[in-house]
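Residue numbering for the sequence shown follows the working numbering, starting at 64 and increasing by one per position. The C-beta atom is built at its ideal place from N, Cα and C for all residues, glycine as well.
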Amino acid sequence: MRIRQYVYFALDSETVPAADISGVLASEPGRFTVRASRRSEPPIPIQHSWQVRCDEPGLTIDEQIERVLGRVRPLVEPIVALIETTDVTARLQIVRDFNARNGEDEVLDEIVTPDGEILTKLPGQHQLLGWGLEPADLAFLVRIGASLDCDEYGS
Numbered sequence: 064m065r066i067r068q069y070v071y072f073a074l075d076s077e078t079v080p081a082a083d084i085s086g087v088l089a090s091e092p093g094r095f096t097v098r099a100s101r102r103s104e105p106p107i108p109i110q111h112s113w114q115v116r117c118d119e120p121g122l123t124i125d126e127q128i129e130r131v132l133g134r135v136r137p138l139v140e141p142i143v144a145l146i147e148t149t150d151v152t153a154r155l156q157i158v159r160d161f162n163a164r165n166g167e168d169e170v171l172d173e174i175v176t177p178d179g180e181i182l183t184k185l186p187g188q189h190q191l192l193g194w195g196l197e198p199a200d201l202a203f204l205v206r207i208g209a210s211l212d213c214d215e216y217g218s
């Protein structure tokens, strides 16, 4: 199995452009979308979006989440202000594609424990499977009223 995965944090709005969000946050996004930039009626994309993304290979979802939230956690106060005074919403997005052509192969190397025991890894235990959120990450997402959206695809 080959897995491709990434995580991004988004601030989305039908009325507030990403450039205005950047101004309030005093921080530039890694990516952004412009409402109706591909089609005006009906609008595609349906919202403006200011995004911080991590798609670095070899990292688990947990590690990607930490990279993304590490960048946006210091912006908590202006994020809360935007959400409370505009139609901006926050979202943590997790995307995984199983059997992706450009994904990472499963590593079947033996593992040596601290006491010297050799463990044989069985197929089907891909190193990128599984993930969790730390209490501090959950508290941050709750504080800003963020949703958590997890998409998983089998190619």
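| query | result |
| --- | --- |
| Near M64, which residues of its chain fall below 7 Å by C-beta distance, leaving aside the five closest residues on each side in sequence? | F161, N162, E169, H189 |
| Under the three-state reduction of DSSP, which class applies to E167: helix, strand or coil? | strand |
| Spell out the partners DSSP gives H189 in its beta bridges. | Its beta-bridge partners do not exist; DSSP assigns none. |
| For I181 and G187, I'd like the C-alpha separation in whole angstroms. | 18 Å |
| Go through its chain and collect everything with a Cβ distance to K184's Cβ below 6 Å, but skip five positions before and after it. | L171 |
| Can you name the residues that DSSP bridges to D212? | Q156 |
| What three-state label does DSSP hand V87 in the structure shown? | helix |
| Whole angstroms is fine: what's the gap from R136's alpha carbon to T176's? | 35 Å |
| Using 8 Å for Cβ pairs, my map puts A307 next to Q114. What's the rounded Cβ distance? | Residue 307 lies beyond the range of the chain shown here (64 to 218); nothing can be said about it. |
| Starting from I128, trace the beta strand (DSSP E) both ways and give me its first and last residue. | No beta strand (DSSP E) holds I128; the alpha helix (DSSP H) holding it covers 124 to 135. |
| Can you give the beta carbon distance from V79 to D150, rounded, assuming they're within the 8 Å contact cut? | 7 Å |
| Note down the Cα distance separating F203 from P120, rounded to an integer number of angstroms. | 25 Å |
| On a Cα-Cα basis, can you pick out the residue from Y71, V205, T96 that is closest to L260? | Because the chain spans 64 through 218 in this model, residue 260 falls outside it and cannot be assessed. |
| Just to check my reading of the structure: Y69 and R116 have Cβ atoms closer than 8 Å, yes? What is that Cβ distance to the nearest angstrom? | 6 Å |
| What's the call for P92, buried or exposed, on a 16-neighbour Cβ count within 10 Å? | buried |
| Per DSSP, what kind of secondary structure is A82 in: helix, strand or coil? | helix |
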